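K.L.:
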Amino acid sequence: MELGEELQTLGVIPVEPTGARFNEAVDPATQGEQPVLPGLVSQAIRNGWEVPHEKKPGLVDEMTAIIDNPEESNKVKVAAFNALRQADDSQYERDH
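Each residue of the sequence shown is one higher than the last, beginning at 49 in the numbering used here.
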């Protein structure tokens, strides 16, 4: 199930609205409270998406919290670790 969700997140498998309730809308005020997905962070790093400098410390903290969470799956922890590693590599390349 986790693999299917990860593949949907990466856009490999299309997301089907089966069972979705059309009247359930996400409150725009709470959209910023959603957790960052490690796979999306990795994709952003690979594609060179620009991240505002003031957001970087929070993203690093969030990835670290995922890694430190004993209830999180190992797959998600590895994705978070890889996102941090890739970000570090990218930053090193920019600085040198």
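Note that the Cβ used here is the ideal one computed from N, Cα and C, for glycine as well. Remember, predicted model here, so these are calculated numbers, not experimental data.
For Ile93, collect the residues of the same chain with a Cβ closer than 8 Å to its Cβ; drop the 5 residues on either side in sequence, then sort them by chain order.
P.N.:
Result list for Ile93: Ala131, Gln134, Ala135 and Ser138, in chain order.
K.L.:
Give me the Cα-Cα distance between Lys104 and Tyr140, rounded to the nearest whole angstrom.
P.N.:
Approximately 15 Å between the Cα atoms of the pair.
K.L.:
Grab the span of the alpha helix (DSSP H) containing Lys103 for me, first residue to last.
P.N.:
Neither: Lys103 is in no alpha helix (DSSP H) and is coded neither H nor E.
K.L.:
Look up Ser121 in the DSSP assignment and say whether it is helix, strand or coil.
P.N.:
Correct three-state label for Ser121: coil.
K.L.:
Once the 5 residues before and after Leu88 are set aside, which same chain residues still bring their CB inside 8 Å of it?
P.N.:
The answer, listed in chain order, is Thr57.
K.L.:
When burial is assigned at 16 or more other CB atoms within 10 Å of the CB, is Ile114 buried or exposed?
P.N.:
So Ile114 counts as buried.
K.L.:
Alpha carbons only, please: which of Ala128, His101 and Val124 is nearest the one belonging to Glu50?
P.N.:
Out of Ala128, His101 and Val124, Val124 has the C-alpha closest to the C-alpha of Glu50.
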